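Shown next, in structure tokens, is the structure this report addresses.
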Amino acid sequence: MHDLLPDKIKKSGTLNVAAGHNYPPLVFLDTDNKSVIGLEPELMKAVGQVLGVEVTFSQASFDSLIAGVQARRYDLAIQAMLDKPERREKVTFVDYFKTSSSLLVTEKDAQTIKSLDDLCGKTAAVEQGTAQADDAEQQNKKCTAAGKPAVKVLVFPDTVGCLQAVSTGRANAFIGGTPTITYQAEQSGGRMKQVGEPYRFLPYGILVNKEDQNLSKAVQQALQKLMENGSYAKILDKWKMSSGALDKAVINGGES
-14 MHDLLPDKIK
-4 KSGTLNVAAG
6 HNYPPLVFLD
16 TDNKSVIGLE
26 PELMKAVGQV
36 LGVEVTFSQA
46 SFDSLIAGVQ
56 ARRYDLAIQA
66 MLDKPERREK
76 VTFVDYFKTS
86 SSLLVTEKDA
96 QTIKSLDDLC
106 GKTAAVEQGT
116 AQADDAEQQN
126 KKCTAAGKPA
136 VKVLVFPDTV
146 GCLQAVSTGR
156 ANAFIGGTPT
166 ITYQAEQSGG
176 RMKQVGEPYR
186 FLPYGILVNK
196 EDQNLSKAVQ
206 QALQKLMENG
216 SYAKILDKWK
226 MSSGALDKAV
236 INGGES
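Sequence positions in the sequence shown follow my numbering and run -14 to 241.
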């Protein structure tokens, strides 16, 4: 697997990985406000160990990941990005986790909001560049087409803004990935609720430049080894995310 790595990576002995910093439990800052922890950084460090290289993390916004990998500012990127066809036109995905989308609301709004269809006339908070931002806009069109009040969509650069918008009453709902929605609901002490049924089940993927086919294979094979030796399961169990475990590491295994 090490032999599959590009010469630049083999010579430096380092994989530069773009990652987020505030999407718990996938990735967030430790109590020192410096160290990046969570399922994603731990998984990437394990992949690096299998490949025989050190993993360094570069903080990047979600909507800059694809362009950063395309421009080779980063060797890889990982930040709860769904493996979707339109994204595969730009980058390759090595899938590592199956997930879905959900809604987070205040205890008060939990009485009336159960799904996207209940957002007509409401305000929804979403993170910039995410599939959930597209969902909010599509729901807005459905509402207005049906003669119902529009959905006001508030777009934030990260989940911090989304959560603050809901907690302060600026937004009625935060539409996000189920893992972080579940985590935030549990951490809120009952002030916020995860409502309705999760929707759109797709895998998250590690982003690789489309031209780096051998690097994609190396990451896929390393991840597969972690699955086979039990390390993958231990990491997911540590972060209470075993329900999203994949049976096999695949390349571009999302929806067609």
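Ideal placement from N, C-alpha and C gives every residue a C-beta, glycine not left out.
Owing to the predicted nature of the structure, the values given are computational and were not obtained by experimental measurement.
Once you ignore the five residues that flank residue i on each side, which residues in its own chain have a CB closer than 6 Å to its CB?
i: Asp80; result: Asp68, Pro188, Gly190, Val235, Gly238
i: Ser216; result: Ala31
i: Lys327; result: For the chain, the structure presents residues -14 to 241; residue 327 sits outside this window and is missing.
i: Phe159; result: Leu89, Ala110, Cys147, Val151
i: Val54; result: Ala62, Val76, Leu192, Asn194
i: Leu221; result: Ser227, Ala230
i: Phe13; result: Asn7, Gly23
i: Phe78; result: Asp68, Gly190, Asn237
i: Leu(-11); result: Asn199, Lys202, Ala203
i: Asp48; result: Gln113, Gly114
Drop a sphere of 10 angstroms on the beta-carbon of residue i, count the other beta-carbons inside from all chains shown, and report buried for 16 or more, exposed for fewer.
i: Ala130; result: exposed
i: Thr91; result: buried
i: Gln169; result: buried
i: Ala156; result: buried
i: Lys93; result: exposed
i: Pro10; result: buried
i: Gln123; result: exposed
i: Ser86; result: buried
Determine the closest residue to residue i out of the options, with distance taken between C-alpha atoms.
i: Thr167; options: Arg155, Val180, Asn157; result: Val180
i: Phe186; options: Gln149, Leu231, Val151, Met212; result: Leu231
i: Val246; options: Lys(-7), His(-13), Tyr8; result: Nothing about residue 246 can be reported from this structure: the residues present for the chain run from -14 to 241 only.
i: Gly5; options: Met177, Glu27, Gly106; result: Glu27
i: Met212; options: Cys128, Lys233, Phe82; result: Lys233
i: Thr165; options: Asp(-8), Leu24, Gly33; result: Leu24
i: Arg73; options: Phe82, Ala52, Tyr59; result: Ala52
i: Asp(-8); options: Lys219, Lys225, Ala218, Asn199; result: Asn199
i: Leu104; options: Thr153, Lys83, Phe82, Cys128; result: Cys128
i: Tyr184; options: Gly106, Asn125, Gly161, Pro142; result: Gly161
Could you give the DSSP three-state label for residue i: helix, strand or coil?
i: Gly73; result: Correcting the residue type first, residue 73 is Arg in the shown sequence and not Gly. Helix, per DSSP.
i: Asp80; result: strand
i: Val12; result: strand
i: Val136; result: coil
i: Lys178; result: strand
i: Ile166; result: helix
i: Asn194; result: strand
i: Pro142; result: coil
Which same chain residues, not among the five before or five after residue i, have their C-beta less than 7 Å away from its C-beta?
i: Ala118; result: Val111, Glu112, Val140
i: Glu240; result: Lys69, Pro70, Leu187
i: Leu50; result: Ala3, Ala62, Gln64, Met66, Leu192
i: Val21; result: Ala4, His6, Val12, Leu14, Phe42
i: Leu101; result: Asp120, Gln124
Just to confirm my understanding: we take residue i, look at its own chain, exclude 5 residues before and 5 after, and list those with CB closer than 8 Å. What are they?
i: His(-13); result: Lys(-5), Leu36, Gly37, Val38, Ala203
i: Arg176; result: Thr91, Glu92, Ser152
i: Thr84; result: Ala65, Leu67, Gly162, Thr163, Pro164, Phe186, Leu187, Pro188, Tyr189, Gly229
How about the segment -4 to 16 and the segment 33 to 41: do they share at least three Cβ pairs that are nearer than 8 Å?
yes
Check whether the segment 205 to 225 and the segment 88 to 103 touch, using three or more Cβ-Cβ pairs below 8 Å as the test.
no
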